[in-house]
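Numbering (the numbering used here), first residue to last: 1 to 298.
Even glycine gets a Cβ: it sits at the ideal position worked out from N, Cα and C.
Only a predicted model underlies this, so the values are computations on that prediction, with no experimental measurement involved.
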Amino acid sequence: MSPHRSRPASEEDLAAITDLVVACDVAQIGVEDTNADDVRSVWLMSGVDLSADSRVLLDGDRLIGYAVLWGDEQRTELEGWLSVHPSVSGDAADAGATFGLTEAANDTRRGALLTAAGYADERHFWRMRRDLGPDLPPPAWPAGVAVRPFEPGRDERGVHAVREAAFARHWHFRASDFETWAARTVGRSDFDPRLCFLVTDGSETVAVLLGYSYDELAWIQTVAVRPAWRGQGLALAMLHHAFAVYRDSGHIRVELEVDAANTTGATRLYERAGMTVDDDHSYVFYAKPVGGPDLQAG
1 MSPHRSRPAS EEDLAAITDL VVACDVAQIG VEDTNADDVR SVWLMSGVDL SADSRVLLDG
61 DRLIGYAVLW GDEQRTELEG WLSVHPSVSG DAADAGATFG LTEAANDTRR GALLTAAGYA
121 DERHFWRMRR DLGPDLPPPA WPAGVAVRPF EPGRDERGVH AVREAAFARH WHFRASDFET
181 WAARTVGRSD FDPRLCFLVT DGSETVAVLL GYSYDELAWI QTVAVRPAWR GQGLALAMLH
241 HAFAVYRDSG HIRVELEVDA ANTTGATRLY ERAGMTVDDD HSYVFYAKPV GGPDLQAG
(Lines of atoms letter the chains of each structure in order from A and count residues from 1; the text may use other names and numbers.)
(Lines give C-alpha, C1' and ligand atoms only; values in the text may rest on other atoms or scores of the structure.)
Protein backbone atom coordinates (compact mmCIF):
# COMPACT_ATOMS: atom_id res chain seq x y z
CA MET A 1 0.00 0.00 0.00
CA SER A 2 1.36 3.46 -0.91
CA PRO A 3 2.47 5.56 2.09
CA HIS A 4 1.23 8.68 0.29
CA ARG A 5 -2.04 10.23 1.35
CA SER A 6 -3.74 13.50 0.50
CA ARG A 7 -6.16 15.80 2.28
CA PRO A 8 -7.25 19.44 2.12
CA ALA A 9 -4.75 22.02 3.31
CA SER A 10 -5.40 23.86 6.58
CA GLU A 11 -4.01 26.85 8.43
CA GLU A 12 -1.90 24.46 10.49
CA ASP A 13 -0.04 23.49 7.29
CA LEU A 14 1.10 27.04 6.55
CA ALA A 15 4.67 26.64 7.80
CA ALA A 16 5.17 23.27 6.08
CA ILE A 17 3.68 24.52 2.81
CA THR A 18 5.90 27.60 2.93
CA ASP A 19 8.97 25.41 3.48
CA LEU A 20 7.91 23.26 0.52
CA VAL A 21 7.44 26.23 -1.80
CA VAL A 22 10.75 27.76 -0.71
CA ALA A 23 12.50 24.46 -1.50
CA CYS A 24 10.95 24.59 -4.97
CA ASP A 25 12.06 28.23 -5.35
CA VAL A 26 15.66 27.34 -4.53
CA ALA A 27 15.61 24.34 -6.88
CA GLN A 28 14.11 26.32 -9.77
CA ILE A 29 15.62 29.81 -9.52
CA GLY A 30 18.37 29.53 -6.92
CA VAL A 31 16.91 31.80 -4.23
CA GLU A 32 14.02 31.94 -1.79
CA ASP A 33 11.18 33.87 -3.45
CA THR A 34 8.12 33.07 -1.30
CA ASN A 35 7.08 33.60 2.30
CA ALA A 36 4.12 32.62 4.46
CA ASP A 37 2.22 35.80 3.59
CA ASP A 38 2.46 34.90 -0.10
CA VAL A 39 0.94 31.48 0.58
CA ARG A 40 -1.80 32.84 2.83
CA SER A 41 -2.68 35.64 0.38
CA VAL A 42 -4.06 33.04 -2.04
CA TRP A 43 -6.18 31.51 0.70
CA LEU A 44 -7.70 34.94 1.33
CA MET A 45 -8.87 35.39 -2.24
CA SER A 46 -12.61 35.69 -2.71
CA GLY A 47 -14.23 32.29 -3.17
CA VAL A 48 -11.27 30.16 -2.06
CA ASP A 49 -12.34 27.40 0.31
CA LEU A 50 -9.36 25.36 1.48
CA SER A 51 -11.54 22.37 2.26
CA ALA A 52 -12.70 22.18 -1.36
CA ASP A 53 -10.01 23.98 -3.37
CA SER A 54 -6.73 22.68 -1.97
CA ARG A 55 -4.83 19.46 -1.39
CA VAL A 56 -1.61 18.55 0.34
CA LEU A 57 0.27 15.33 -0.37
CA LEU A 58 1.94 13.60 2.56
CA ASP A 59 4.67 10.96 2.66
CA GLY A 60 4.13 9.71 6.17
CA ASP A 61 4.12 12.92 8.18
CA ARG A 62 6.19 14.83 5.62
CA LEU A 63 4.40 17.30 3.35
CA ILE A 64 5.77 16.79 -0.18
CA GLY A 65 3.07 18.32 -2.40
CA TYR A 66 0.63 21.21 -2.39
CA ALA A 67 -2.02 22.43 -4.81
CA VAL A 68 -4.68 25.10 -4.65
CA LEU A 69 -7.16 26.38 -7.23
CA TRP A 70 -8.87 29.74 -7.58
CA GLY A 71 -10.90 31.41 -10.27
CA ASP A 72 -13.81 33.59 -11.21
CA GLU A 73 -17.19 33.14 -9.58
CA GLN A 74 -18.52 30.95 -12.40
CA ARG A 75 -15.39 28.75 -12.35
CA THR A 76 -15.08 29.18 -16.11
CA GLU A 77 -11.43 30.13 -15.71
CA LEU A 78 -9.23 28.51 -13.10
CA GLU A 79 -5.68 29.14 -12.00
CA GLY A 80 -3.62 27.08 -9.67
CA TRP A 81 -0.53 26.81 -7.54
CA LEU A 82 1.20 23.43 -7.70
CA SER A 83 4.37 22.61 -5.78
CA VAL A 84 6.06 19.22 -5.48
CA HIS A 85 9.17 18.88 -3.36
CA PRO A 86 12.28 18.72 -5.60
CA SER A 87 13.54 15.65 -3.74
CA VAL A 88 10.57 13.65 -4.96
CA SER A 89 11.31 11.91 -8.26
CA GLY A 90 8.78 11.21 -10.98
CA ASP A 91 6.15 12.77 -11.48
CA ALA A 92 -13.43 19.13 -10.58
CA ALA A 93 -13.74 21.81 -12.81
CA ASP A 94 -16.85 22.79 -14.89
CA ALA A 95 -17.00 21.98 -18.60
CA GLY A 96 -15.35 24.59 -20.73
CA ALA A 97 -13.10 25.84 -17.94
CA THR A 98 -9.47 26.86 -18.28
CA PHE A 99 -6.78 25.77 -15.82
CA GLY A 100 -3.55 27.71 -15.53
CA LEU A 101 -0.20 27.20 -13.83
CA THR A 102 2.74 29.55 -13.45
CA GLU A 103 6.24 28.10 -13.69
CA ALA A 104 9.77 29.50 -13.68
CA ALA A 105 10.74 30.44 -17.23
CA ASN A 106 14.11 28.73 -16.90
CA ASP A 107 12.61 25.43 -15.71
CA THR A 108 12.53 23.86 -19.15
CA ARG A 109 11.82 20.37 -17.81
CA ARG A 110 8.55 21.38 -16.17
CA GLY A 111 7.70 23.54 -19.16
CA ALA A 112 8.17 20.57 -21.46
CA LEU A 113 6.00 18.38 -19.21
CA LEU A 114 3.19 20.95 -19.26
CA THR A 115 3.43 21.35 -23.03
CA ALA A 116 3.29 17.59 -23.48
CA ALA A 117 0.21 17.53 -21.24
CA GLY A 118 -1.58 19.99 -23.50
CA TYR A 119 -0.79 23.28 -21.78
CA ALA A 120 -0.04 26.31 -23.92
CA ASP A 121 2.55 28.98 -23.15
CA GLU A 122 0.08 31.86 -22.78
CA ARG A 123 1.81 34.71 -20.96
CA HIS A 124 5.25 35.76 -19.75
CA PHE A 125 5.97 37.70 -16.59
CA TRP A 126 9.33 39.40 -16.19
CA ARG A 127 11.18 40.14 -12.99
CA MET A 128 12.79 43.56 -13.41
CA ARG A 129 15.33 45.17 -11.14
CA ARG A 130 17.76 48.03 -10.68
CA ASP A 131 20.46 48.93 -8.22
CA LEU A 132 19.89 51.97 -6.03
CA GLY A 133 23.06 54.02 -6.35
CA PRO A 134 23.86 57.70 -5.83
CA ASP A 135 22.94 58.75 -9.38
CA LEU A 136 19.15 58.39 -9.21
CA PRO A 137 17.22 60.96 -11.29
CA PRO A 138 14.86 63.29 -9.42
CA PRO A 139 11.11 62.89 -9.99
CA ALA A 140 9.44 65.26 -12.45
CA TRP A 141 5.90 65.79 -11.16
CA PRO A 142 3.06 67.18 -13.28
CA ALA A 143 1.75 70.53 -12.12
CA GLY A 144 -0.93 70.51 -9.44
CA VAL A 145 -0.27 67.15 -7.79
CA ALA A 146 1.23 66.27 -4.42
CA VAL A 147 2.91 63.08 -3.17
CA ARG A 148 2.82 61.81 0.39
CA PRO A 149 3.48 58.58 2.29
CA PHE A 150 0.72 56.04 2.90
CA GLU A 151 -1.05 56.56 6.22
CA PRO A 152 -2.45 53.36 7.81
CA GLY A 153 -6.05 53.76 8.90
CA ARG A 154 -6.65 56.61 6.48
CA ASP A 155 -5.63 55.58 2.97
CA GLU A 156 -6.64 51.95 2.52
CA ARG A 157 -9.96 52.54 0.74
CA GLY A 158 -8.54 55.22 -1.53
CA VAL A 159 -5.68 52.97 -2.59
CA HIS A 160 -8.08 50.10 -3.23
CA ALA A 161 -10.27 52.32 -5.42
CA VAL A 162 -7.29 53.43 -7.53
CA ARG A 163 -6.10 49.84 -7.88
CA GLU A 164 -9.51 48.64 -9.08
CA ALA A 165 -9.80 51.47 -11.62
CA ALA A 166 -6.23 51.16 -12.89
CA PHE A 167 -6.28 47.40 -13.52
CA ALA A 168 -9.89 46.93 -14.61
CA ARG A 169 -8.91 46.22 -18.24
CA HIS A 170 -5.78 44.22 -17.52
CA TRP A 171 -5.35 40.58 -18.52
CA HIS A 172 -6.97 38.19 -16.02
CA PHE A 173 -8.09 41.04 -13.78
CA ARG A 174 -10.70 40.09 -11.20
CA ALA A 175 -12.39 42.75 -9.14
CA SER A 176 -11.66 42.40 -5.44
CA ASP A 177 -13.84 43.56 -2.58
CA PHE A 178 -12.12 45.87 -0.12
CA GLU A 179 -11.87 43.39 2.76
CA THR A 180 -10.23 40.70 0.63
CA TRP A 181 -7.83 43.16 -0.97
CA ALA A 182 -6.86 44.65 2.39
CA ALA A 183 -6.16 41.25 3.95
CA ARG A 184 -3.94 40.29 1.01
CA THR A 185 -1.95 43.54 0.82
CA VAL A 186 -1.93 46.05 3.67
CA GLY A 187 -2.80 43.27 6.12
CA ARG A 188 0.35 41.27 5.36
CA SER A 189 3.00 41.10 8.05
CA ASP A 190 5.64 42.28 5.57
CA PHE A 191 3.67 45.33 4.42
CA ASP A 192 5.74 48.47 5.05
CA PRO A 193 3.78 51.75 4.83
CA ARG A 194 7.06 53.69 4.64
CA LEU A 195 7.59 52.22 1.17
CA CYS A 196 4.14 53.22 -0.11
CA PHE A 197 3.03 56.52 -1.62
CA LEU A 198 -0.08 58.29 -2.85
CA VAL A 199 -0.31 61.03 -5.46
CA THR A 200 -3.23 63.40 -4.96
CA ASP A 201 -4.91 66.18 -6.88
CA GLY A 202 -6.71 68.10 -4.20
CA SER A 203 -8.75 65.54 -2.27
CA GLU A 204 -8.64 62.90 -5.03
CA THR A 205 -6.11 60.07 -4.98
CA VAL A 206 -4.99 59.63 -8.60
CA ALA A 207 -2.02 57.25 -8.34
CA VAL A 208 -0.46 54.86 -5.82
CA LEU A 209 2.70 52.82 -5.36
CA LEU A 210 2.88 50.00 -2.81
CA GLY A 211 6.12 48.40 -1.67
CA TYR A 212 7.46 45.76 0.70
CA SER A 213 10.83 45.51 2.43
CA TYR A 214 12.99 42.38 2.44
CA ASP A 215 16.29 43.29 4.09
CA GLU A 216 18.33 45.07 1.38
CA LEU A 217 15.66 44.50 -1.28
CA ALA A 218 12.68 46.79 -1.81
CA TRP A 219 9.86 45.04 -3.69
CA ILE A 220 7.29 47.10 -5.59
CA GLN A 221 3.97 45.29 -5.50
CA THR A 222 1.70 47.82 -7.20
CA VAL A 223 2.09 50.84 -9.47
CA ALA A 224 -1.38 52.15 -10.34
CA VAL A 225 -2.56 55.32 -12.07
CA ARG A 226 -6.20 56.18 -12.68
CA PRO A 227 -6.90 55.94 -16.45
CA ALA A 228 -7.79 59.63 -16.76
CA TRP A 229 -4.36 60.56 -15.39
CA ARG A 230 -2.21 58.37 -17.62
CA GLY A 231 0.24 59.89 -20.06
CA GLN A 232 1.36 62.69 -17.73
CA GLY A 233 4.44 61.03 -16.26
CA LEU A 234 2.94 60.14 -12.88
CA ALA A 235 4.12 56.53 -12.83
CA LEU A 236 7.71 57.43 -13.75
CA ALA A 237 7.75 60.22 -11.18
CA MET A 238 6.45 57.83 -8.50
CA LEU A 239 9.18 55.32 -9.36
CA HIS A 240 11.94 57.93 -9.17
CA HIS A 241 10.52 59.19 -5.87
CA ALA A 242 10.30 55.66 -4.47
CA PHE A 243 13.82 54.75 -5.59
CA ALA A 244 15.30 57.67 -3.64
CA VAL A 245 13.27 56.87 -0.51
CA TYR A 246 14.23 53.20 -0.73
CA ARG A 247 17.92 54.02 -1.14
CA ASP A 248 17.89 56.46 1.76
CA SER A 249 16.23 53.84 3.98
CA GLY A 250 19.08 51.38 3.38
CA HIS A 251 17.90 49.31 0.42
CA ILE A 252 20.46 48.58 -2.28
CA ARG A 253 18.17 47.34 -5.05
CA VAL A 254 14.54 47.37 -6.11
CA GLU A 255 12.58 44.70 -7.96
CA LEU A 256 9.09 44.15 -9.35
CA GLU A 257 7.21 41.79 -11.66
CA VAL A 258 5.47 42.86 -14.86
CA ASP A 259 3.27 41.26 -17.48
CA ALA A 260 5.52 41.29 -20.56
CA ALA A 261 2.49 41.85 -22.81
CA ASN A 262 0.96 44.61 -20.67
CA THR A 263 -1.08 46.89 -22.92
CA THR A 264 -0.42 50.10 -20.97
CA GLY A 265 3.31 50.10 -21.70
CA ALA A 266 4.44 49.10 -18.21
CA THR A 267 7.54 47.27 -19.43
CA ARG A 268 8.75 50.33 -21.36
CA LEU A 269 8.00 52.49 -18.32
CA TYR A 270 10.21 50.37 -16.08
CA GLU A 271 12.97 50.36 -18.68
CA ARG A 272 12.85 54.17 -18.76
CA ALA A 273 13.21 54.07 -14.98
CA GLY A 274 16.47 52.18 -15.42
CA MET A 275 15.18 48.68 -14.64
CA THR A 276 16.31 45.61 -16.57
CA VAL A 277 14.84 42.13 -17.00
CA ASP A 278 16.24 39.41 -14.74
CA ASP A 279 15.95 36.34 -16.96
CA ASP A 280 16.76 33.98 -14.08
CA HIS A 281 13.69 35.04 -12.11
CA SER A 282 10.95 35.32 -14.71
CA TYR A 283 7.85 33.19 -15.17
CA VAL A 284 5.56 31.66 -17.77
CA PHE A 285 1.81 31.20 -17.38
CA TYR A 286 0.61 27.95 -18.98
CA ALA A 287 -3.09 27.40 -19.68
CA LYS A 288 -5.20 24.45 -20.76
CA PRO A 289 -8.93 24.06 -21.44
CA VAL A 290 -10.33 21.30 -19.24
CA GLY A 291 -13.63 19.55 -18.79
CA GLY A 292 -15.10 17.96 -15.72
CA PRO A 293 -13.52 14.51 -16.20
CA ASP A 294 -10.06 15.98 -16.81
CA LEU A 295 -9.58 17.71 -13.47
CA GLN A 296 -10.41 15.73 -10.37
CA ALA A 297 -9.71 16.34 -6.72
CA GLY A 298 -7.61 13.56 -5.29
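Glycine 274 versus Ser83, Arg129 and Asp53, residue with shortest Cα-Cα distance:
Arg129
Compare the C-alpha of valine 26 against each of Arg62, Asn106, Leu63 and Ala52 and name the closest.
Asn106
Suppose you measure from the CA of tryptophan 126 to the CA of alanine 260; what does that come to, to the nearest Å?
6 Å
Taking the CB atoms as reference points, tell me whether leucine 44 and alanine 9 lie closer together than 8 Å.
no
Which residues in the same chain as leucine 69 place their Cβ atom closer than 6 Å to its Cβ, once the five residues preceding and following it in sequence are excluded?
Asp53, Leu78 and Gly80
Would you mind reading off the limits of the alpha helix (DSSP H) that contains isoleucine 29?
14-29
Write down every uninterrupted run of the beta strand (DSSP E) in the stretch 127-195 whose length is 3 residues or greater and which is fully enclosed by it, in chain order.
146-149
Taking only the alpha-carbon atoms, compute the straight-line gap between glycine 90 and leucine 217 and give it to the nearest angstrom.
With a pLDDT of only 45 at glycine 90, under the threshold of 50, the placement of this residue in the model should not be trusted, and no figure is reported.
For threonine 185, count neighbouring C-beta atoms within 10 Å of its own C-beta (all shown protein chains included) and say buried if the count is 16 or more, exposed if not.
buried
For glycine 65, the three-state DSSP class (helix, strand or coil)
strand
Where aspartate 38 sits in the DSSP three-state scheme
helix
Quick one: give me the first and last residue of the alpha helix (DSSP H) that arginine 110 is part of.
108-116
Rank Gly71, Gly65 and Gly111 by C-alpha distance to the C-alpha of valine 284 and give the top, closest one.
Gly111
Are the CB atoms of valine 206 and valine 145 within a distance shorter than 8 Å?
yes
What residues in its chain sit with their C-beta under 6 Å from that of leucine 239, if we drop five residues either side in the sequence?
Ala273
Leucine 210 and glycine 313 - do their beta-carbons sit closer together than 8 Å?
Because the chain in this structure spans residues 1 to 298, residue 313 falls outside the shown range and cannot be described.
So, at 6 Å on beta carbons, what are the nonlocal neighbours of aspartate 278 in its own chain, with the 5 sequence-adjacent residues on each side left out?
Arg127 and Arg129
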